[in-house]
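Trainee:
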């Protein structure tokens, strides 16, 4: 079963704009991760945020986590055509339990 | 690119047949997890193998089975294929049972007709 939902399901923006995706989950978590998937291929790990962290940055990525609202957001700044992909959040509840993925957001960046 | 490889890349099978998918884990990793990703959905956990033993299973029927070998590579076997088994099958390797540090392979696309 899916842990939660990403919102929006699909997002289309112009190159150079910022893209924001949200993830909601249902149960307590230990870590939350964001992955990228190009054209139905393998998943690429982007960033991990622990339950005791509120914000994390990695290059053009910014992730926030609000455990009281059971939600996270992924911000991609200055988007590029190469950022076109599906983005998934995944949670684990103890660090050694299976990852539970959302349904993903399909991002299209138009050059 | 991760060091995780999967074979074959694509596969077409007929309903009722059996299929074996293969995964080679990244060097130094002793745990392999398998996921099924239906079209338009997120990956769903099938099972995990740690040091050649099944170490957790998702909500999948017994016709989904697996193996892990001494070199930590792994197989996913699916018997009595159904149309709904059509999906992208992903394997991920990690060290120990730390599922938060998984490295995914490129996947095998299975089509059941």
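Residue numbers (the working numbering), protein chains in the order written: chain W, 92 to 202; chain C, 28 to 140.
Beta carbons: idealized from backbone N, C-alpha and C, even for Gly.
Between residue 118(C) and residue 34(C), how many whole angstroms is the CB-CB distance? I'm expecting something under 8 Å.
Mentor: Numbered from its first residue, the second chain carries residue 118(C) at position 91. Numbered from its first residue, the second chain carries residue 34(C) at position 7. About 11 Å; that fails the 8 Å criterion.
Trainee: Beta carbons nearer than 9 Å to chain W: which residues of the stretch 38 to 65 of chain C have them?
Mentor: For the stretch 38 to 65 of chain C, which is checked against every Cβ of chain W, the residues closer than 9 Å are 60, 62, 64.
Trainee: Is the CB of residue 122(W) under 8 Å away from at least one CB in chain C?
Mentor: Here residue 122(W) is taken as the residue at index 31 of the first chain, counted from 1. Yes - at least one Cβ of chain C is within 8 Å of the one on residue 122(W).
Trainee: At a CB-CB cut-off below 9 Å, which residues of chain C make contact with residue 99(W)?
Mentor: The count along the first chain starts at 1 and reaches residue 99(W) at position 8. The premise fails here: residue 99(W) is roughly 14 Å from chain C at the closest Cβ pair, so nothing lies under 9 Å.
Trainee: For the stretch 67 to 96 of chain C, list every residue whose C-beta sits within 8 Å of some C-beta in chain W, in sequence order.
Mentor: Cβ contacts with chain W: 67, 68, 69, 70, 71, 72, 75, 83, 85, 86.
Trainee: Measure from the C-beta of residue 137(C) to each C-beta in chain W and report whether the shortest distance is under 8 Å.
Mentor: As a first step, residue 137(C) is located in the second chain; it is residue number 110 there, counting from the start. For residue 137(C), the answer is no, since every Cβ of chain W falls outside 8 Å of its Cβ.
Trainee: Pick out whichever of 144(W), 166(W), 150(W), 169(W) has its Cα sitting closest to the Cα of residue 157(W).
Mentor: Numbered from 1 along the first chain, position 66 holds the residue referred to as residue 157(W). Checking every option, the nearest Cα to that of residue 157(W) belongs to 144(W).
Trainee: Evaluate the contact criterion for the stretch 176 to 185 of chain W versus the stretch 93 to 103 of chain C: three or more CB pairs, one atom per stretch, below 8 Å.
Mentor: Not touching, per the Cβ criterion.
Trainee: Is any beta-carbon of chain W found at less than 8 Å from that of residue 103(C)?
Mentor: What you label residue 103(C) is simply residue 76 of the second chain in a count that begins at 1. It does not; no Cβ of chain W falls within 8 Å.
Trainee: Using a beta-carbon distance below 8 Å, is residue 194(W) in contact with chain A?
Mentor: Note that chain A does not occur in the displayed structure, where the protein chains are W and C.
Trainee: For residue 103(W), collect the residues of the same chain with a Cβ closer than 6 Å to its Cβ; drop the 5 residues on either side in sequence, then sort them by chain order.
Mentor: For this step, residue 103(W) is matched to residue 12 along the first chain. Excluding positions up to five away in sequence, the list reads 199.
Trainee: Answer with yes or no whether the minimum CB distance from residue 145(W) to chain C is below 8 Å.
Mentor: The residue labelled residue 145(W) in the question sits at position 54 within the first chain. Chain C, which has no Cβ nearer than 8 Å to the Cβ of residue 145(W), makes this no.
Trainee: Looking at the structure shown, is residue 11(C) part of a helix, part of a strand, or coil, going by DSSP?
Mentor: Because chain C spans 28 through 140 in this model, residue 11(C) falls outside it and cannot be assessed.
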